[in-house]
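Novice: For reference, the structure I am asking about is given below.
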Amino acid sequence: MAVDLNAYAVYASVVELGGFTAAADALGLSKSMVSRQISTLEDALGVRLLNRTTRRISLTEAGAVVFERAQRIVTEAQEAAEEATCVEGAVRGQLRINAPMSFGISQLGPVMPEFMARYPELTVDLVLNDRRINLIEEGFDVSLRISALTDSSLIARQLAPVERYIVGSPSYFEKHGVPKRPADLAGHDFMLYTLLSRPNILEMENAKGEKEQVELKGRFLCNNADAMVEMMLKGMGLVFSPDVLCHRHLKSGALVRVLEDWTVPALTLHAIYPHSRHLAAKVRAFVDFTVEKFGPGKAPWVET
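Residue numbers (numbering that gives the first Met the number 0): 0 to 303.
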């Protein structure tokens, strides 16, 4: 059965935008042309796709199935167009990137001028936030995350490891003493990162396999690590900090790491993107760039 593929694109637009008028405006077509395309598609498939009233439309059961396929057709067509425009390494279009706030400011931001200069025909929309985003639903092409991958519908390119330490300023330790083992941390003031599932519970292990769990206490709770680092530099308390945020201060001596014989499992920086039969050239270019800048053995926070 021959069906005009444009009809699927029109149908997907009608459903996504909630009506014939909105779809017509978005596609630059007349409302009657949009209606005709939907009717033609229904006739070709032999099913009703939409329940129409004067006020709204709704999907039939068959319409919901066809809509899912129509979205795939549109996506595949867009990816094919992007691939076709990429010749001799040229990368075009808009790339939407998501990254954690502190990492985006301290690590990604400084290298983005080089990426933009390398691909002058590419437009980048970089969104920084510390919450867990839904890559597909929120329309991102790629995300950088410091975590373990849990969504099997996504592909993760493993980059550099991220260690986490107990750190504080020299002035803090001069005033409050240096903890000798994790249990001692219960008597210290902490800044707690609230986006962790259990920000006040810490379990550490030493080389002998001994484990200690401690409940951390503190007066300052925050959902952004940069704010906590600034307070820590002023001697306000300790932070359970990823090395990506504190490595410069540790190197300069502005911060000091304690309990070096006790560790927690390392996290990993990943470049994450949706499954696709043909990876868009713009996504491939950015992922390759992150490997170049933040891959194993290359990330600036990893001691060599």
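Virtual Cβ for every residue (Gly too), placed ideally from N, Cα, C.
Would you kindly work out how many angstroms separate the C-alpha atoms of Asp-183 and Met-203, rounded to a whole number?
Specialist: Those two C-alpha atoms are separated by around 12 Å.
Novice: Any idea what DSSP makes of Asn-5, helix, strand or coil?
Specialist: Three-state result, Asn-5: helix.
Novice: Could you check which residue in Arg-95, Val-290 and Ser-101 has the C-alpha nearest to that of Cys-221?
Specialist: Nearest C-alpha to Cys-221: Ser-101.
Novice: So, with DSSP's three-state summary, where would you put Ala-98?
Specialist: Ala-98 falls in the strand class under three-state DSSP.
Novice: For a quick check, are the C-beta atoms of Ile-96 and Val-123 less than 8 Å apart?
Specialist: In this structure, Val-123 lies closer than 8 Å to Ile-96 by Cβ.
Novice: Count the other CB atoms within 10 Å of the CB of Lys-207; is the residue buried (16 or more) or exposed (fewer)?
Specialist: Flag for Lys-207 reads exposed.
Novice: Please go through the region 183-264 and give each complete beta strand (DSSP E) segment of 3 or more residues, from N-terminal end onward.
Specialist: List check, beta strand (DSSP E) in window: 188-192, 200-205, 210-214, 216-221, 238-241 and 255-257.
Novice: Have a look at the DSSP bridge pairing and note the partners of Ala-122.
Specialist: The amino acid occupying residue 122 in the given sequence is Thr; Ala does not appear at that position. In DSSP, Thr-122 forms a bridge with Gln-93.
Novice: With Gly-167 and Val-255 assumed to form a contact (beta carbons below 8 Å), what rounded beta-carbon distance in angstroms separates them?
Specialist: Indeed, because the Cβ distance is near 6 Å, the residues count as touching under 8 Å.
Novice: Alpha carbon to alpha carbon, what distance is there between Glu-291 and Ala-307?
Specialist: For residue 307 there is no data in the structure shown, the boundaries of the chain being 0 and 303.
Novice: Rank Arg-218, Gly-252 and Val-213 by C-alpha distance to the C-alpha of Leu-232 and give the top, closest one.
Specialist: The shortest C-alpha separation from Leu-232 is found at Gly-252.
Novice: Residues in its own chain within less than 8 Å of Gly-18 by CB, not counting five upstream and five downstream?
Specialist: These residues qualify, in order along the chain: Arg-55 and Ile-56.
Novice: Taking the beta carbon of Tyr-7 as the centre, do at least 16 other beta carbons fall within 10 Å, making it buried, or is it exposed?
Specialist: Buried, since its Cβ has 16 or more Cβ neighbours within 10 Å.
Novice: For Arg-144, report the span of its beta strand (DSSP E) as first-last.
Specialist: Arg-144 -> beta strand (DSSP E) spans 141-145.
Novice: If you draw a straight line from the alpha carbon of Cys-245 to that of Trp-300, how long is it in whole angstroms?
Specialist: Roughly 8 Å separates the two Cα atoms.
Novice: I need the boundaries of the alpha helix (DSSP H) containing Arg-117, first residue and last residue.
Specialist: Looking at the DSSP string, the run of the alpha helix (DSSP H) that includes Arg-117 is 108-117.
Novice: Counting only the same chain and skipping the five closest in sequence on each side, list residues whose C-beta sits under 6 Å from that of Leu-309.
Specialist: This structure cannot settle anything about residue 309, because the visible part of the chain is limited to 0 through 303.
Novice: In angstroms with no decimal places, state the Cα-to-Cα distance between Ile-37 and Met-227.
Specialist: Rounded to whole angstroms, Ile-37 to Met-227 spans 56 Å at the Cα level.
Novice: Just to confirm before moving on: does the CB-CB distance between Asp-140 and Ala-279 stay below 8 Å?
Specialist: Cβ distance < 8 Å, so Asp-140 and Ala-279 count as in contact.
Novice: In the DSSP assignment, find the unbroken alpha helix (DSSP H) run with Thr-20 in it and report its ends.
Specialist: 19-26 is the span of the alpha helix (DSSP H), which, as asked, contains Thr-20.
Novice: So, with DSSP's three-state summary, where would you put His-274?
Specialist: Coil at His-274, not helix or strand.
Novice: Tell me which same chain residues have a C-beta within less than 7 Å of the C-beta of Ala-284, skipping the five on either side of it?
Specialist: Excluding residues within five positions, the ones whose Cβ falls inside 7 Å are Val-90 and Tyr-118.
Novice: Closest by CA to Gly-62, which one among Ser-29, Ala-25 and Ala-11?
Specialist: Residue Ala-11 is the option with its Cα nearest to Gly-62.
Novice: Thinking C-alpha only, which one of Phe-293, Ala-298, Tyr-272 and Gly-294 is nearest Leu-94?
Specialist: Among Phe-293, Ala-298, Tyr-272 and Gly-294, the Cα nearest to that of Leu-94 belongs to Tyr-272.
Novice: Tell whether a beta-carbon distance below 8 Å holds between Phe-274 and Gln-157.
Specialist: The residue you asked about is not Phe; residue 274 is His in the sequence shown. The answer is no: Cβ separation not under 8 Å.
Novice: Which whole runs of the alpha helix (DSSP H) in the region 28-77 are 4 residues long or more, in chain order?
Specialist: Listed in chain order, the complete alpha helix (DSSP H) runs (minimum 4 residues) inside the region 28-77 are 30-44.
Novice: Within a Cβ cutoff of 7 Å, which residues of the same chain sit near Asp-129, ignoring the five residues on either side of it in sequence?
Specialist: Hits under 7 Å: Pro-99, Met-100, Leu-194, Asn-222 and Asn-223.
Novice: Where do the N-terminal and C-terminal ends of the alpha helix (DSSP H) with Val-282 fall, by residue?
Specialist: Looking at the DSSP string, the run of the alpha helix (DSSP H) that includes Val-282 is 280-293.
Novice: Where Pro-295 and Trp-261 are concerned, what is the direct C-alpha to C-alpha distance, given to the nearest angstrom?
Specialist: Pro-295 and Trp-261: Cα-Cα distance of roughly 23 Å.
Novice: Give me the Cα-Cα distance between Met-111 and Lys-179, rounded to the nearest whole angstrom.
Specialist: Distance between the alpha carbons of Met-111 and Lys-179 is about 41 Å.
Novice: Quickly, what does DSSP pair Val-161 with across the bridge? List them, please.
Specialist: Leu-266.
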